[in-house]
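Novice: Residue numbers for the sequence shown follow the numbering used here, beginning at -5 and rising by one.
The structure's right below; bear with me while I get my questions together.
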Amino acid sequence: MLARAFGAPLRAQFCVRSAAPGRGPVRTVFERRFVRNNSSTSGNAGKRAEAASGQDAAARKEAFYRGLARARRDHENQKTLTLALYAASTIIAATALAYAAVPLYRVLCSSYGGKATNAADDAKFSPDRLIPVERKKRIRVTFSSEVSSILPWSFRPQQREVHVLPGETALAFYKAKNNSDKDIIGMATYSVVPDKAAPYFSKIQCFCFEEQQLRAGEEVDMPVFFFIDPDFVNDPNTAHVDDLVLHYTFFRAQYDDQGTLTPVDARAAAEIKATTPAPAAIA
């Protein structure tokens, strides 16, 4: 009875103890089930963690691209708004300049000592004539100068060229200096090349055909404010004209018996005396 009572527990204990020292391949049924269940649980947890990590990465990537697309849209909207504001300001400025062109030019001429004259019809300077024609490419206007051999002046443009649209106003400057020790009167004429474009070259005369008296050693800036008439683009004769030359020539001048200012020839130049008193110095 003792054997039957204690035999089974002793055999179970012996089996466990005999396998315990080396932890060999002998395992109890409970150990094998625990290991199998634990491995299965760890694998499932790893898969769930990996899946969650992948979902987080995908969500972050999607959020990044959404933010990038939104930033691009904002940039394009800002760019469009900037262009619209620039275009509106350009139109407003062009219209304002068209209304102010003539009085502004007269102020400039007065400031630099020139005499502004209306050589052309005032209708040519109406605001609707001073609106740039955007569909036409810009025209290059080159400046050149020449001085009579009997006029001891230096005279040159201060810029080589400008590029303008028909209907767009432009301001250029020439510089003149009396290199002699006497006060001298000069008179300038101008020409536009090619001749077929000359009728469309419009300007208020600032120093052309007008008395320009420079004191001995005096140097002055002479402004030229001009525009190319918009009708330039409608003339088939000027369809292929992309370059103009504005040329000025300065002559020595004097007043004749009728009080008309005329150029002086070489023979008469030696006999010239002061025809007008020198202007008083500006305080």
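Even glycine gets a Cβ: it sits at the ideal position worked out from N, Cα and C.
If you're wondering where the values come from, they're calculated on a predicted model, not measured in any experiment.
Taking 7 Å as the line, does the beta carbon of L62 fall inside it for any heavy atom of the ligand FMN?
Specialist: Annotation note on the ligand FMN: not contained in the displayed structure, which lists no ligands.
Novice: Pick from T243, K55 and D236: whose alpha carbon is nearest that of H157?
Specialist: Taking the first residue of the sequence shown as position 1, residue 157 is located at position 163. It is D236.
Novice: Among P188, E205 and A210, which residue has its Cα nearest to the Cα of N172?
Specialist: By one-based count along the sequence shown, residue 172 stands at place 178. With distances taken between Cα atoms, N172 lies closest to A210.
Novice: Quick one: Cα of R54 to Cα of T74, how far?
Specialist: Numbered from 1 along the sequence shown, position 60 holds the residue referred to as residue 54. Numbered from 1 along the sequence shown, position 80 holds the residue referred to as residue 74. Spanning the two alpha carbons is a distance of roughly 30 Å.
Novice: With a Cβ-Cβ cutoff of 8 Å, do E140 and F221 count as a contact?
Specialist: Position 146 of the sequence shown, counted from the first residue, corresponds to residue 140. Position 227 of the sequence shown, counted from the first residue, corresponds to residue 221. No.
Novice: Under three-state DSSP, which class holds E128?
Specialist: In the sequence shown, residue 128 corresponds to position 134, counting from 1. E128: coil per DSSP, three-state reduction.
Novice: I need the straight-line Cα distance from F167 to M216, nearest angstrom please.
Specialist: Within the sequence shown, the letter at position 173 stands for residue 167. Within the sequence shown, the letter at position 222 stands for residue 216. Between F167 and M216, the C-alpha separation is close to 6 Å.
Novice: In this structure, what does DSSP give as the bridge partners for A57?
Specialist: Here the question's residue 57 lines up with position 63 in the sequence shown. The partner list for A57 (beta bridge, DSSP) is empty, contrary to what the question assumes.
Novice: How many angstroms separate the CA atom of L255 from the CA atom of Y249?
Specialist: As a first step, residue 255 must be located in the sequence shown, where it is residue number 261. As a first step, residue 249 must be located in the sequence shown, where it is residue number 255. Roughly 4 Å separates the two Cα atoms.
Novice: Would you report the Cα separation of K130 and Q252, rounded to the nearest angstrom?
Specialist: Against the sequence shown, residue 130 aligns to sequence position 136. Against the sequence shown, residue 252 aligns to sequence position 258. Their Cα atoms are separated by approximately 47 Å.
Novice: So the candidates are S138, Q49 and A233; which of them puts its Cα closest to the Cα of R150?
Specialist: Here residue 150 corresponds to residue number 156 of the sequence shown, with the count starting at 1. Ranking S138, Q49 and A233 by Cα distance to R150 puts S138 first.
Novice: Going by DSSP, which residues form a beta bridge with Y249?
Specialist: As a position in the sequence shown, residue 249 is number 255, starting the count at 1. Y249 is bridged to L255.
Novice: Is the beta carbon of Y242 less than 8 Å from the beta carbon of A182?
Specialist: Residue numbering aside, residue 242 sits at position 248 when the sequence shown is read from its first letter. Residue numbering aside, residue 182 sits at position 188 when the sequence shown is read from its first letter. Yes.
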